[in-house]
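So the protein sequences, as listed, match chains A and B. First residue of the first sequence? That's 0 in numbering that gives the first Met the number 0, and the numbers climb one at a time after it. First residue of the second sequence? That's 0 in numbering that gives the first Met the number 0, and the numbers climb one at a time after it. Glycine residues also receive a C-beta, built at the ideal position from the N, C-alpha and C atoms. These numbers come from a predicted model, not from an experiment.
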Amino acid sequence: MAGTGRAGNVTRREALIGASAAAGSLMLPGGHAWAQGAKPAELKVGIATYLSGPASVFGVPGRQTAEMLFDEINAAGGIAGIKVRPIFVDEGPGVDHVVGEYRRLVQSEGVHLIFAAISSADCIACAPLADELKRPTLLWDCGTQRIFEDNRYGYAFRTQANATPEILSALLYLLKVKPDFKSIAVINQDYAWGRDSWDIFRTAMNTLKPGVKVSAELFPRFGATDFSTEITRVLALRPDVVLSTSWGGDLDALIRQASDRKLFERATFVMPLAESSLQRVGKALPAGHIVGARGDHWFLHPSPADPERLKRFSDTYKAKYNAWPIYPCFHMAQAVSAMKAGIEKAVAAKSGGWPTDAELAAAFKGLEFPSPTASVRIREDGQGLENQLIGTTLHSEKYPFPVLTDMIVFPAESVTTPVGQKSADWLKTLTPDMVANLPQAQAFKS
Amino acid sequence: MTRRSETLLALAGAVLILVLAYAVPWLRFVLTIALAKGLAVLGILLLLRAGQVSFGHALYLALAAYTVAFGAVVVPEALLLLPAAALLAGVVGLLIGLFVVRYREIFFGMLNLALSMVFYSVLEKFYALTHGADGIRLPPVTVLGRPLAGESGEWTVLGMALVLALVCGALVRVALASPLGEALAGIKTRETRLDFMGVSPKRVLLAAYVASAVMAGLAGAIIALTTRHVTPALSYWTTSGELVFIAILGGAGSVIGPFLGAAAYELTRVYAAATFANAWQLVLGLVLLGVIVFAPGGIWGMITSRRRAA
């Protein structure tokens with residue numbers, strides 16, 4: 000490693016030219032996004048999403064949806080007459096990188112709005128930055144309930160639900176369709192989400208149906224490809240129910256291997272994130288298992304507020320990217336819809352004038368905006384109120400993958416922790432009549 | 000290169016960093032992280048002098064970062080947290096060092112790697128305490144009683160990183176020229192000779208190891224104060240690999256090398272990510288490959304070979 004490289008002579012000049020070019024481009028106009036109150040020529044939106052790593056199974060569909068919807072908005076003349084432009088940044092390298100990129104987006108690119116992020120860690124790190132840099136930020140996909148339960152922010156808002164309603168509704172559904180289960184095993188990824196989601200599920204289960212035996216708590220390594228140990232354990236223990244909040248490649252592998260070893264015949268699976276895996280695993284996943292979608296996201300939603308809107312969204316996405324939209328697509332659509340509604344509300348409040356950052360942020364508080372399936376309201380604490388849809392798998396000849404039937408759409412208020420309460424405490428106050436009062440299940444219509 | 004010109008170069012670099020941080024506000028964050036990583040790599044450089052590569056120094060980085068995150072709840076004073084974190088990293092470095100300095104080369108590297116991954120697992124598994132992969136948000140921190148936040152906070156942390164970089168750089172420069180530094184080089188060439196001279200190679204390596212742990216600790220504390228959010232990824236093996244990589248990129252010939260390498264690495268990464276959100280890893284890889292192929296002495300090697308030729 001000693002400096003003997005003669006080649007250094009040759010490349011130094013080139014290296015210097017390269018370096019100065021790099022430095023030059025980095026120093027392109029910095030400073031503030033726009034003169035407060037002046038109408039910008041273009042609306043720039045920074046979007047943090049996974050473009051690399053395992054979570055790109057969510058990040059890439061999210062980006063595709065954003066591109067599709069931004070194009071649609073621009074084709075229709077923009078928001079309040081201003082064209083919108085997305086600037087994507089990769090969450091793949093981790094929190095340090097995202098925090099640096101957030102600052103670059105605000106201070107160098109001068110974005111007017113930021114969508115952050117898929118990773119809960121990134122959201123936890125970005126929400127305080129939103130307040131510090133005073134840039135309205137929509138938390139578009141991350142799940143952790145900690146953000147608005149532990150803190151209050153003036154510039155950060157979540158345009159979807161959080162882990163508590165997503166997991167609680169899966170439990171309520173299970174209690175409704177299989178009320179007499181006696182034992183449960185859990186196979187979750189060994190990281191924050193896997194632990195957190197099991198915590199929520201267990202706390203609520205112990206309140207609503209005390210005495211269920213937890214046969215096994217299995218936390219295979221995040222990114223594991225082989226689940227033979229876990230499947231063997233569960234086959235031997237014979238629990239009535241198997242819970243897995245895994246996602247991506249982990250869930251795909253678990254479903255395929257459990258299917259090969261007939262585990263699905265012995266236990267009912269509850270998989271609150273499996274909607275995003277259905278099209279990949281296809282009919283390896285048998286009928287009769289419980290699947291969720293982190294919200295009321297399902298391209299065959301049984302009772303959308305505007306069937307035409309959902310159909311247009313799903314069909315356009317399918318035509319463009321050759322797959323049906325999965326939940327991150329819906330989450331992105333919600334963030335885009337919230338952005339549009341928020342800006343229009345702020346512009347209207349100024350009777351056509353352009354809002355400042357603070358005025359734009361204030362517009363998101365209490366904002367109600369349409370989602371592809373229903374509508375979402377942002378509460379005063381910044382948390383979005385989003386309905387939840389859980390269903391049971393069914394094999395239909397119309398699709399090469401399982402579809403959902405016996406779908407229950409849970410109204411957001413009924414499953415979301417009230418403002419000012421912590422999920423861990425609120426879940427302990429639930430009562431069994433919650434299960435009795437659930438909405439009617441709706442069957443698959445071909 | 001003479002001591003005087005090296006000092007001048009270091010001071011010029013410091014001024015350049017301040018000018019850049021002033022002219023381009025968002026680079027303050029990137030440059031602070033680069034200086035912190037440069038500090039950690041300075042420690043790696045000491046070990047490299049002895050021919051030993053540690054693939055586990057992220058352990059001390061993460062240890063110090065979590066010390067700051069947990070410590071800030073009790074004592075939110077950065078000027079106490081910083082030395083406390085470095086001290087703890089040093090103590091743990093001493094304990095682990097007593098064990099790992101008995102090994103050389105691949106065994107040394109792998110043992111360090113294993114221990115840092117053990118710490119990674121601890122951070123992930125003690126979920127109730129550490130929140131696992133979601134990490135911990137730092138509570139508000141003060142400097143001399145004044146809150147460390149906003150633009151002044153960014154300047155303060157950058158200033159601290161810069162001072163630490165200059166002080167540690169100077170100390171390592173002196174240490175490398177001292178008998179200790181010569182003994183380290185002796186471990187690389189032929190260790191038995193040291194024994195014959197009555198110098199304990201283990202003790203020499205231990206001293207370097209503890210110093211490197213302290214510097215990695217300082218780096219971790221600076222990173223925690225800058226990002227204000229710590230996650231177990233700090234102790235993952237890729238972070239250690241990054242440090243070794245920066246050492247090679249910057250060049251092992253001088254104490255300025257690590258900082259050149261860290262700045263080049265961070266700026267390339269940020270620039271590539273800004274230009275090609277989809278394929279920035281490819282760009283980063285190609286740039287770094289180019290440096291390795293065409294300048295085996297790293298960036299520092301490019302500068303010195305040019306001077307020699309001139």
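Opening and closing residue of the alpha helix (DSSP H) in which residue i lies
{"i": "P257/B", "result": "256-274"}
{"i": "F156/A", "result": "Element bounds for F156/A: not the alpha helix (DSSP H) but the beta strand (DSSP E), 155-157."}
{"i": "K222/B", "result": "Inspection of the sequence shows that residue 222/B is occupied by Ile rather than by Lys. Per DSSP, I222/B belongs to the alpha helix (DSSP H) from 200-226."}
{"i": "R103/A", "result": "94-103"}
{"i": "V233/A", "result": "227-236"}
{"i": "F118/B", "result": "104-124"}
{"i": "L97/B", "result": "77-99"}
Straight-line gap, residue i to residue j (C-alpha atoms, nearest Å)
{"i": "L242/B", "j": "A57/B", "result": "8 Å"}
{"i": "A47/A", "j": "A49/B", "result": "42 Å"}
{"i": "G89/B", "j": "S151/B", "result": "30 Å"}
{"i": "A9/B", "j": "G37/B", "result": "13 Å"}
{"i": "I342/A", "j": "F114/A", "result": "14 Å"}
{"i": "V203/B", "j": "L114/B", "result": "21 Å"}
{"i": "I226/A", "j": "Y126/B", "result": "Looking at the sequence itself, residue 226/A is Phe, so the reference to Ile does not match. Near 23 Å, if we compare the C-alpha coordinates of Y126/B and F226/A."}
{"i": "A212/B", "j": "G42/B", "result": "7 Å"}
{"i": "N277/B", "j": "V88/A", "result": "8 Å"}
{"i": "E148/A", "j": "P146/B", "result": "24 Å"}
{"i": "K43/A", "j": "A272/B", "result": "17 Å"}
{"i": "V140/B", "j": "P75/B", "result": "5 Å"}
{"i": "A262/B", "j": "S422/A", "result": "43 Å"}
{"i": "P24/B", "j": "V434/A", "result": "54 Å"}
{"i": "K427/A", "j": "T163/A", "result": "12 Å"}
{"i": "T231/A", "j": "K124/B", "result": "23 Å"}
{"i": "V142/B", "j": "R308/A", "result": "54 Å"}
{"i": "L283/B", "j": "T267/B", "result": "6 Å"}
Beta-carbon separation (whole angstroms), residue i vs residue j, contact threshold 8 Å
{"i": "A83/B", "j": "G96/B", "result": "Wrong, their Cβ atoms sit about 19 Å apart, outside the cutoff."}
{"i": "L388/A", "j": "V375/A", "result": "With 8 Å as the limit, L388/A and V375/A do not qualify as a contact, their Cβ atoms being about 13 Å apart."}
{"i": "V241/A", "j": "V233/A", "result": "6 Å"}
{"i": "F107/B", "j": "V99/B", "result": "6 Å"}
{"i": "Q188/A", "j": "D249/A", "result": "6 Å"}
{"i": "G168/B", "j": "V254/B", "result": "4 Å"}
{"i": "G252/B", "j": "L259/B", "result": "Contact doesn't hold; Cβ gap of about 11 Å is too wide."}
{"i": "L171/A", "j": "I199/A", "result": "Actually they do not touch by this definition, with Cβ atoms about 12 Å apart."}
{"i": "S304/B", "j": "G296/B", "result": "7 Å"}
{"i": "I146/A", "j": "Y49/A", "result": "Actually they do not touch by this definition, with Cβ atoms about 19 Å apart."}
{"i": "A373/A", "j": "P303/A", "result": "7 Å"}
CB contact flag (residue i, residue j, <8 Å)
{"i": "G134/B", "j": "T230/B", "result": "yes"}
{"i": "P60/A", "j": "P327/A", "result": "yes"}
{"i": "T267/A", "j": "H288/A", "result": "yes"}
{"i": "L87/B", "j": "A68/B", "result": "no"}
{"i": "K82/A", "j": "L437/A", "result": "no"}
{"i": "Y152/A", "j": "A129/A", "result": "yes"}
{"i": "F409/A", "j": "F156/A", "result": "no"}
{"i": "L45/B", "j": "V171/B", "result": "yes"}
{"i": "Y154/A", "j": "T136/A", "result": "yes"}
{"i": "F180/A", "j": "K282/A", "result": "no"}
{"i": "V269/A", "j": "L132/A", "result": "no"}
{"i": "E66/A", "j": "P92/A", "result": "no"}
{"i": "K349/A", "j": "L366/A", "result": "no"}
{"i": "L60/B", "j": "L233/B", "result": "yes"}
{"i": "S276/A", "j": "I254/A", "result": "yes"}
DSSP beta-bridge partners of residue i
{"i": "F87/A", "result": "I46/A"}
{"i": "A215/A", "result": "A184/A"}
{"i": "I16/B", "result": "Paired residues: none, contrary to the question."}
{"i": "Q441/A", "result": "M406/A"}
{"i": "Q387/A", "result": "F409/A"}
{"i": "L393/A", "result": "V402/A"}
{"i": "V229/B", "result": "I135/B"}
Start and end residues, beta strand (DSSP E) containing residue i
{"i": "I43/B", "result": "From DSSP, I43/B is part of no beta strand (DSSP E) but of the alpha helix (DSSP H) over 26-48."}
{"i": "P369/A", "result": "367-369"}
{"i": "G142/A", "result": "No beta strand (DSSP E) contains G142/A, which DSSP labels as neither H nor E."}
{"i": "S374/A", "result": "374-377"}
{"i": "T267/A", "result": "267-270"}
{"i": "V23/B", "result": "Premise fails: V23/B is in no beta strand (DSSP E) and is neither H nor E."}
{"i": "L112/A", "result": "112-114"}
{"i": "G291/A", "result": "289-291"}
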